[in-house]
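Everything below concerns the one structure shown next.
Residue numbers (our numbering), protein chains in the order written: chain A, 347 to 460; chain B, 931 to 1045.
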């Protein structure tokens, strides 16, 4: 079974530029999560999708971050414009469904904003 | 508020020595608890989980954890560490349920292994 795929693995941009990250969850997994992991901290949830609907985006800085999950499969997270404090690892995770509790994580995208 | 605390930011042990990483949670109901490991440049890998039943749970790579409700703890243990165990370890608790469930993580414990 293929795992959660993310791309790119690394990205360096200047502040005020835009960037997009892509995630492909495990096939059949209905729930998809985006986490932000700042160096030295645990992952923090940004947004949660159930199929193609948003369940929780309370921690998403909506003035600069946006995310979508078209057709309930792949997802894209975008930052525009980026700030220095957005430097972090962005992790995508998927979950089979509401009655399961084990999330599977992708390798992450390391973003550096200069 | 529900939270997870890992009191030790960094631990160093010698190869072959025993290991215990601490995790305390604040949660009203019976929690669903996890330990994840993250190697440099990698995503999070699930080591073990506790939902109910036997309070001593076995995981992969020789790890185990014990749920103690009276102490609100879920400490991770390994009897003899290997150099390959050097990594960052995260304790996490599930909040909410069904389609609204989410994970809340502790800040992590970085494990260094001395040869």
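Ideal Cβ positions, reconstructed from N, Cα and C, are used throughout, including at glycine.
Note that this is a predicted model, so its numbers are computed, not measured.
Discussion item. Report the CB separation of residue 953(B) from residue 1004(B) in whole angstroms; it is logged as a contact under 8 Å.
Written reply: 5 Å
Fill in: Rounded C-alpha distance that separates residue 1033(B) from residue 933(B)
10 Å
Worksheet item: Under 8 Å between C-beta atoms, does residue 311(A) make it to chain B?
Response: A question about residue 311(A) goes unanswered here, because the residues of chain A that appear run from 347 up to 460.
Worksheet item: residue 451(A) touches chain B at which residues, Cβ-Cβ below 7 Å?
Response: Those are 973, 974, listed as they occur along chain B.
Worksheet item: From this set, 965(B), 943(B), 1031(B), 1008(B), which residue's C-alpha is nearest residue 395(A)'s C-alpha?
Response: 1031(B)
Worksheet item: Are there three or more Cβ pairs, one per stretch, closer than 8 Å when the segment 376-383 of chain A is compared with the segment 440-455 of chain A?
Response: Contact holds: three or more Cβ-Cβ distances are below 8 Å.
Discussion item. Counting only C-beta atoms, is residue 418(A) closer than 8 Å to chain B at any point?
Written reply: no
Worksheet item: For residue 956(B) versus residue 1002(B), is the C-beta spacing smaller than 8 Å?
Response: yes
Discussion item. My assumption, with CB atoms under 8 Å, is that residue 997(B) sits in contact with residue 963(B). Please give the rounded CB distance.
Written reply: 7 Å
Practice prompt. Would you kindly check if the distance between the Cβ of residue 995(B) and the Cβ of residue 1007(B) is under 8 Å?
Written response: yes
Discussion item. DSSP has residue 1047(B) in a bridge; who is on the other side?
Written reply: No statement about residue 1047(B) is possible, as the shown extent of chain B runs from 931 to 1045 and does not include it.
Item to complete: State the CB to CB distance for the pair residue 437(A) and residue 452(A), rounded to an integer number of angstroms; the pair is presumed to be in contact (CB under 8 Å).
Response: 6 Å
Practice prompt. Using a cut-off of 7 Å between C-beta atoms, extract the partners of residue 1011(B) located in chain A.
Written response: Near residue 1011(B) there are no residues of chain A at all, since even the closest Cβ is about 22 Å away, more than 7 Å.
Worksheet entry | Own chain residues within Cβ distance below 7 Å of residue 363(A), not counting five before or after | 427, 428
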